[in-house]
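>
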Amino acid sequence: MNRDRLLDLFRSDALPEGHLHFRSGLHSSGYLQCALVLQYPEGAERLGRALGERMRGLEPTVVLSPALGGVVIGQEVGRALGVRAIFAERQDGALTLRRGFSLDEGDRVLVIEDVLTTGGSTRETMEVARGAGGRVVGAASIVDRSGGSIRFDVPFHALLEMSLPAYQSDTCPLCAQGVPIVKPGSRPTPV
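Count along the sequence shown from 1, add 12, and you get the number used in the working numbering.
1. List in chain order: all unbroken beta strand (DSSP E) runs of 3+ residues lying wholly within the stretch 79-151.
2. For Leu70, which beta-bridge partners are listed by DSSP?
3. Let me check understanding here. Comparing Cα to Cα, which of Asp156, Thr137, Ser161 lies closest to Cys46?
4. Between the C-alpha atoms of Val95 and Leu63, what's the straight-line distance to the nearest angstrom?
5. Within a Cβ cutoff of 7 Å, which residues of the same chain sit near Arg68, ignoring the five residues on either side of it in sequence?
6. Between the stretch 105-112 and the stretch 48-63, do at least 3 Cβ pairs fall closer than 8 Å?
7. What residue range is occupied by the uninterrupted beta strand (DSSP E) comprising Leu172?
8. Drop a sphere of 10 angstroms on the beta-carbon of Val51, count the other beta-carbons inside from all chains shown, and report buried for 16 or more, exposed for fewer.
9. How about Thr129 and Ala170: are their beta carbons less than 8 Å apart?
10. On the CB-based measure, 16 or more other CB atoms within 10 Å of its CB, does Glu54 come out buried or exposed?
11. Quick check: Val194 and Leu32, are their CB atoms within less than 8 Å of each other?
12. Got a sec, what are the start and stop residues for the alpha helix (DSSP H) Val49 sits in?
13. Does the distance from the C-beta atom of Ala151 to that of Phe164 stay below 8 Å?
14. For Cys184, count neighbouring C-beta atoms within 10 Å of its own C-beta (all shown protein chains included) and say buried if the count is 16 or more, exposed if not.
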């Protein structure tokens, strides 16, 4: 899947612009709302297959994704690779395996995320896998909005790499300009 075809999936509502506030506390002028693309089975399947093909050589035995953003794409990558797909979710502020999900010492874990911004959720998901006895063999996302600046201790691949700068609130040029801020996601709301 080439860059132009991938960007076409995000055009209109899935690529909102403005002054956006993320869960991480960072601010930006752009955001990629993968859920709006993944709601369509054919798009989700194509993206999952594309990521799966890129990561197949790592021979994962399980896909692990952080909830909520990584759940759908993780399921599709697991399907493309023919392996189970599980997710970690927050409990008391920390990602953890719940709902009976577990990893064995022999599990080769591929961490799948929808959008990579700071790498924080991906790193935290890797730690969940390692803490549960799995061996993390790689990580991937649909979008790397860091422009390729984030590094991991395992192979990483994104289908789309783009630079959408993110700022701390005290250095945000949009804050300095007085541009109204909203939180994107399931229910965009003013901050």
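The beta-carbon is built from N, C-alpha and C at its ideal position, and this holds for glycine as well.
Reading it off the structure:
1. 96-103, 106-109, 120-128
2. Here residue 70 is taken as the residue at index 58 of the sequence shown, counted from 1. In DSSP, Leu70 forms no bridge with anything.
3. Locating residue 46 in the sequence shown gives position 34, where the first residue counts as 1. The residue with the shortest Cα to Cα distance from Cys46 is Asp156.
4. Residue 95 sits at position 83 when you count from the first residue of the sequence shown. Residue 63 sits at position 51 when you count from the first residue of the sequence shown. Roughly 14 Å between the two C-alpha positions.
5. As a position in the sequence shown, residue 68 is number 56, starting the count at 1. Leu93.
6. no
7. Within the sequence shown, the letter at position 160 stands for residue 172. It spans 168-173 - the beta strand (DSSP E) in which Leu172 sits, taken as one unbroken run.
8. Reading the sequence shown from its first residue, position 39 is the one you call residue 51. Note that residue 51 is Gln in the sequence shown, not Val. Exposed, since its Cβ has fewer than 16 Cβ neighbours within 10 Å.
9. The residue labelled residue 129 in the question sits at position 117 within the sequence shown. The residue labelled residue 170 in the question sits at position 158 within the sequence shown. Not a contact, by the Cβ cut-off of 8 Å.
10. Within the sequence shown, the letter at position 42 stands for residue 54. Burial check for Glu54: the Cβ neighbour count within 10 Å stays below 16, so the residue is exposed.
11. Position 182 of the sequence shown, counted from the start, is the residue given in the question as residue 194. Position 20 of the sequence shown, counted from the start, is the residue given in the question as residue 32. Yes, the Cβ-Cβ distance between Val194 and Leu32 is below 8 Å.
12. Counting from one through the sequence shown, the residue named residue 49 turns up at place 37. Per DSSP, Val49 is one residue of the alpha helix (DSSP H) stretching across 46-50.
13. Locating residue 151 in the sequence shown gives position 139, where the first residue counts as 1. Locating residue 164 in the sequence shown gives position 152, where the first residue counts as 1. Cβ distance < 8 Å, so Ala151 and Phe164 count as in contact.
14. As a first step, residue 184 must be located in the sequence shown, where it is residue number 172. By the beta-carbon neighbour count (other beta carbons within 10 angstroms, threshold 16), Cys184 is buried.
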